[in-house]
Amino acid sequence: MLTKRHLLAATTAFLALGAAALAQDSRPAAPAQAQAGARFITVASTTSTVDSGLFNHLLPLFRAKTGIEVRVISQGTGQALDTGRRGDADVVFVHARAAEERFVAEGFGGPRRPVMYNDFVLIGPKSDPAGIKGSRDIAAALTAIQTKAAPFVSRGDRSGTHQAELALWQAARIDLAATRGTWYREIGQGMGAALNTAGGMNAYVLSDRATWLSFRNRGDLDILVEGDRRLFNQYGIMLVNPQRHPHVKQADGQAFIDWIVGPEGQKAIADYQINGQQLFFANASDTGA
Amino acid sequence: MSGMRDTPSVLPLTVSGLAFEAGDRRLVDDVGFSIARGGLTVLIGPNGSGKSLTLRLCHGLLTPSAGTVSWAAERGTIAGVKRHAMVFQKPVMLRRSARANMLHALAAAGVTRGERAARCEEALARFGLGVLAERPARLMSGGEQQRLAIARAWSLRPQVLFLDEPTSQLDPGATRQIEEMLAALRGEGITLVMATHDMGQARRLADRVLFLHRGRLVEDAEAPTFFAGPASPEARAFIAGDLVW
Amino acid sequence: MDIAQSFTAAFGLILGGDPAFLAIVGLSLTVTLSAVSVAAVIGLPLGALLALARFPGRGAVIVLVNALMGLPPVVAGLLVFLLLSRSGPLGPLGLLFTPTAMVVAQALLVLPIVIAITRQLTEDLHAEYREHLASIGLTGFRAIPTLLWDGRFALATAILAGFGRASAEVGAVLIVGGNIAGYTRTMTTAIALETSKGDLPLALGLGIVLILLTLAINAVTYGASRVGARFAG
Chain A
0 MLTKRHLLAA TTAFLALGAA ALAQDSRPAA PAQAQAGARF ITVASTTSTV
50 DSGLFNHLLP LFRAKTGIEV RVISQGTGQA LDTGRRGDAD VVFVHARAAE
100 ERFVAEGFGG PRRPVMYNDF VLIGPKSDPA GIKGSRDIAA ALTAIQTKAA
150 PFVSRGDRSG THQAELALWQ AARIDLAATR GTWYREIGQG MGAALNTAGG
200 MNAYVLSDRA TWLSFRNRGD LDILVEGDRR LFNQYGIMLV NPQRHPHVKQ
250 ADGQAFIDWI VGPEGQKAIA DYQINGQQLF FANASDTGA
Chain B
0 MSGMRDTPSV LPLTVSGLAF EAGDRRLVDD VGFSIARGGL TVLIGPNGSG
50 KSLTLRLCHG LLTPSAGTVS WAAERGTIAG VKRHAMVFQK PVMLRRSARA
100 NMLHALAAAG VTRGERAARC EEALARFGLG VLAERPARLM SGGEQQRLAI
150 ARAWSLRPQV LFLDEPTSQL DPGATRQIEE MLAALRGEGI TLVMATHDMG
200 QARRLADRVL FLHRGRLVED AEAPTFFAGP ASPEARAFIA GDLVW
Chain C
0 MDIAQSFTAA FGLILGGDPA FLAIVGLSLT VTLSAVSVAA VIGLPLGALL
50 ALARFPGRGA VIVLVNALMG LPPVVAGLLV FLLLSRSGPL GPLGLLFTPT
100 AMVVAQALLV LPIVIAITRQ LTEDLHAEYR EHLASIGLTG FRAIPTLLWD
150 GRFALATAIL AGFGRASAEV GAVLIVGGNI AGYTRTMTTA IALETSKGDL
200 PLALGLGIVL ILLTLAINAV TYGASRVGAR FAG
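The listed protein sequences derive, respectively, from chains A, B and C.
With numbering that gives the first Met the number 0, letter number 34 in the first sequence gets 33, and the count goes up by one each step, no holes.
With numbering that gives the first Met the number 0, letter number 23 in the second sequence gets 22, and the count goes up by one each step, no holes.
With numbering that gives the first Met the number 0, letter number 160 in the third sequence gets 159, and the count goes up by one each step, no holes.
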């Protein structure tokens, strides 16, 4: 591929420069590092877990118990798995089961442990040009949107939500490649940006409930379709394979996984609420999830 | 003065077959002369006669296209220290105080830190620049800047001082001050080589005259002889004011 | 009005003294000032060298450096990301998603600005000083310290331009820092995050604080260099 090769060439050219800069700058940045504490792990996770505030609730509890600091990088699921593949995180905590299983099968990490689920909701303008409000059938709702060519914003970023959205179009037997037009707008950005865009264009958008509940710029948007079983969204967690990336903090990373699928972590997840609504439903014991 | 006589001299300076070309134009052509110790030699001639270039070639700022500039001591240095200095038509003042300008030149010349301060104060006092010491050099008047430039050059203890039209941009009062400084330096035994196109100045200061015209040395004479009656028609025309270039 | 709310949010942030907010401001300043320092330490001498050196291809190098002033932050971030990733050539250093990585990325963005402006200023100053410096023995590259010192007030502009670029960018620090709460979250990545959370007043409020900080630093530098320049002439 053109881009990758060119990037590598450019990288090589800047290598000397980068090394020089590194030698210069290790000193000024040192205080920030020292202050952050010695024992930490890096978790690649999704925008939904970060933006919803779940980690702000979980991590202090985990740290109080173990003394381990957790540094969370929020990315789309696809990007988070890639971060794990490159060895830039110790633990991956995402929500796209098929992609997670591929990650494990390729030997990049695992085993995958189910943690919790939340659900997706179909958001749209209150004016509801496709006339789908109150439906519990997501497939029928998407068919109505496509038929009326009502504007629809797609994440388009290989995130878990994007992959779930694509699966739902399939469930509705709509061939996007064949039928998409200007009504279908891929933005290639995170959940919040997608909601902002949908609000600005009076468009429909699929969101996870957690991000929606904590989202502040709702404008004229509202939940139009919810409750379909096909909208459930399962999260899984995996340790990055230490055989492949020897620097992976196996013990501390495993401690985090054990805690989050154990009784304390599961209870903490169930306890997390926004405006009295529970956002995530712990289900680590459901081995089939 | 007596101290100077004791140290070896970089003079005489011998210039022979000197040429300088820019592009396909020969701006200095086959110039030859010798400068012995003492006195003030004036390079005179109309604009474009090659006076300034000849000074720069002697001082080593330019590399000759042909010919040689040779000193009695290697490249005009004694014990590794350059013993000739130069003052320019438009004084080059660093963006610092007068004192810092002088200290900078002394540091560049390799003078030790302690001696720099002493020499600097000596030069400031010697030329009555003490009151200006803390002034930003670039905010001083043209005359003050040129006096500082000469004092700065003097502090380097040159045996030879090249001056390129040092008063051409100054008013008569400042010009007189500079000329008094030059006379004093000459009295100290410093050998002065100055380019000028000011005939009056040449008459007032010169011991010897080198008359250049179109890049060639046309006449080389003692000043009284030259001013009594130049041998060449070009010099006669120049003195009469007919020859401007 | 969202705008009015933003100003309220901004002053709330400034006056509130929330430690998390102060940590974000502190990290932003630390990263950006470190990056600018690194770029200055490398870029000032390189810019001066480029001003004085004569070699084949010099014109091409100058054009390249000038063009790199427009290097997109995302591209700089991506380069540093690929270098520092565990799977990249400098992976063993374990610097990805650290403030150090952010400093490297921003230094890369600032460096071309410092080099290009230094080159231009030094060249102009050298044209004025060259003969005198050569006369007192400072030929060639030995003129550089004098030129940098005498150009220091004008060069402050180069540094400020670099500071402005670094403090305003989000693309590079987001990629190499990861926007980790309490560790690599800066003003700009926090703004991006709050925007994505739909809290636009808070996002703009953070933006206002950032602008005020930039304004303060510019004012101080400008004032200092004006006073200094007047003194030095």
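Where is the CB? At the ideal position from N, CA and C, for every residue including glycine.
When the distance is taken between beta carbons, is C/Gly11 closer than 9 Å to C/Ile116?
no
Round the Cβ separation of B/Ala234 and B/Glu218 to the nearest angstrom and send it over; I've been treating them as touching at under 8 Å.
5 Å
Which same chain residues end up closer than 8 Å to B/Arg95 when comparing Cβ atoms and leaving out the 5 residues on each side of it in sequence?
His103, Pro135, Ala136
Within 8 Å, do at least three Cβ pairs link the region 170 to 181 of chain C to the region 95 to 115 of chain C?
yes
The region 148 to 161 of chain B contacting the region 77 to 92 of chain B, beta-carbon criterion three pairs below 8 Å:
yes
Which same chain residues end up closer than 6 Å to B/Asp206 when comparing Cβ atoms and leaving out the 5 residues on each side of it in sequence?
Gly38, Leu39, Ala222
With three or more C-beta pairs closer than 8 Å as the rule, is the region 168 to 183 of chain A touching the region 139 to 146 of chain A?
yes
On a CA-only basis, which of C/Leu48, C/Gln105, C/Arg151 is nearest C/Leu77? Give me that one, please.
C/Gln105
Tell me the start and end of each unbroken beta strand (DSSP E) in the region 42 to 118 of chain B that is at least 3 residues and wholly inside, in chain order.
65 to 69, 83 to 86
I want to verify the contact list: residues of chain C whose CB lies under 9 Å from the CB of B/Val91, in sequence order.
Glu127, Tyr128, Arg129, Glu130, His131, Leu132, Ser134
Residues sharing a beta bridge with B/Leu160, DSSP:
B/Ala84, B/Leu191
A/His94 in three-state terms, based on DSSP
coil
Can you tell me whether A/Lys125 is buried or exposed, with buried defined as 16 or more other CB within 10 angstroms of its CB?
exposed
From A/Gly52 to A/Ala192, what distance separates their C-alpha atoms?
17 Å
Three-state secondary structure (DSSP) of A/Met237
strand
Proximal residues of chain B, C-beta to C-beta of C/Leu137 below 7 Å
Ala107
Tell me whether the region 114 to 133 of chain C and the region 154 to 167 of chain C touch, counting them as touching only if at least three CB pairs, one residue from each stretch, are closer than 8 Å.
yes
Quick test of the definition: if touching needs 3 or more C-beta pairs under 8 Å, does the region 7 to 17 of chain B touch the region 53 to 72 of chain B?
yes
Just the Cα atoms here: how many angstroms apart are A/Arg217 and C/Pro200?
13 Å
Excluding five sequence neighbours on each side, which residues of the same chain lie with their C-beta closer than 7 Å to the C-beta of C/Leu89?
Leu82, Leu83
Taking Cβ-Cβ distances below 7 Å as the criterion, which residues of the region 58 to 75 of chain B are in contact with chain E?
Of the chains in the structure shown, none is chain E; the protein chains are A, B and C.
Would you list the one or two residues that DSSP bridges to A/Asp74?
Contrary to the premise, residue 74 of chain A reads as Gln rather than Asp in this sequence. Beta-bridge pairing links A/Gln74 to A/Thr45.
Is there contact between the region 112 to 131 of chain B and the region 46 to 54 of chain B, where contact requires at least three CB pairs shorter than 8 Å?
no
Grouping DSSP H, G and I as helix and E and B as strand, with all else coil, what is B/Met180?
helix
C-beta neighbour in chain B for C/Gly222, strict 9 Å
no
So that I know if they touch, is there some Cβ in chain B lying closer than 9 Å to that of C/Thr145?
yes
Helix, strand or coil for A/Phe107 per DSSP?
coil
Contact the region 219 to 234 of chain A vs the region 115 to 133 of chain A: 3+ CB pairs below 8 Å:
yes
Just how far apart, CA to CA, sit A/Gly106 and A/Gln253?
17 Å
Please classify B/Arg235: does DSSP put it in a helix, a strand, or coil?
helix
Need the endpoints of the alpha helix (DSSP H) that C/Gly58 sits in, please.
57 to 67
Measure the alpha-carbon distance for A/Thr48 versus C/Ile2 and round it to whole angstroms.
29 Å
Does DSSP put A/His56 in a helix, a strand or coil?
helix
At least one CB of chain C closer than 9 Å to the CB of A/Pro30: is that the case?
Because the pLDDT at A/Pro30 is just 37, under 50, the model does not fix this residue reliably, and the value given afterwards should be weighed accordingly. With 9 Å as the cut-off, A/Pro30 counts as an interface residue toward chain C.
Helix, strand or coil for A/Asp156, going by three-state DSSP, please let me know.
coil
Once you ignore the five residues that flank B/Met139 on each side, which residues in its own chain have a CB closer than 8 Å to its CB?
Met92, Ala97, Leu131, Leu147
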